[in-house]
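According to this note's numbering, the sequence shown holds residues 123 to 324 in order.
C-beta atoms are modelled at their ideal positions from N, C-alpha and C, and glycine is treated no differently.
Report on one structure; see the data block that follows.
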Amino acid sequence: MVMYSKGRAEAFEVLLNRHERGIYNFILRSCGNPAKAEDMTQDVFLKVIRSAPKYKQTAKFTTWLYTIARNRCIDHARKHGKVRHVSLDRSLSGDNQDDDRTFLNNLADADADAGNVSVIRKDFRRRLKQALDALPEDQREVFILREVSGLKFREIAEVVGVGENTVKSRMRYALEALRGHMEEFRGYSFDRDEERELGGAP
123 MVMYSKGRAE AFEVLLNRHE RGIYNFILRS CGNPAKAEDM TQDVFLKVIR SAPKYKQTAK
183 FTTWLYTIAR NRCIDHARKH GKVRHVSLDR SLSGDNQDDD RTFLNNLADA DADAGNVSVI
243 RKDFRRRLKQ ALDALPEDQR EVFILREVSG LKFREIAEVV GVGENTVKSR MRYALEALRG
303 HMEEFRGYSF DRDEERELGG AP
């Protein structure tokens, strides 16, 4: 961003290639409409272009970018009301900041041929989506920023304007709620090697 703000036009293409998909995914999980998410993503990057001349490297660019995206989502929600929509095609991990394992790692691969596993997996995904949609907005926001966008807790804290401990607390409550909703699936192993149990510790 510093190079783009200094007139290096090609630097913007690098930023776009690096961050456009993540911003789109974040906005989509907020507004729930793919076409609207595309428009709002364009709005975010237009804001980046307009803000380039006065950009100062006082915060990490990713944090600054997601703050713009979050504000755009808030504006949309105020005008159109809240729309809860969470895709389960992204990561849904535990609350360990450095742990890459996810809830969905426990599901059988798409090409698995076990019919019973396929049925249970489908029911699991449906129930998990319902549980995510039922989360309080502040917990859901932290969950999406962490699990969909891959931000670290300190970055999320800067984006939402609260302390890092508050972010971790919201994430912890979100995960506790999810585990409570999914308790009936505990003990059923979905992964191919049956090495871990769904909902158990990573």
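- Counting along the chain, no alpha helix (DSSP H) covers Asn155, and no H or E run does either.
- When DSSP states are grouped into helix, strand and coil, Gly302 belongs to the helix group.
- Between Leu254 and Leu300, the C-beta spacing is below 9 Å.
- In this structure, the CA atom of Ile278 is about 18 Å from the CA atom of Glu142.
- Taking the Cα of Thr185 as reference, the smallest distance to any Cα among Ser271, Tyr295, Arg200 is reached at Ser271.
- Arg192 and Phe134 have their C-alpha atoms some 20 Å from each other.
- Taking the Cα positions, Asn139 is about 25 Å away from Asp197.
- Residue environment for Ala296: buried (at least 16 other C-beta atoms within 10 angstroms of its C-beta).
- With distances taken between CA atoms, Arg262 lies nearest to Met293 out of Met293, Ile145, Ile171.
- By the 16-neighbour rule on beta-carbons within 10 angstroms, Val136 is exposed.
- The C-beta distance from Val166 to Arg194 rounds to 6 Å, short enough to meet the 8 Å contact threshold.
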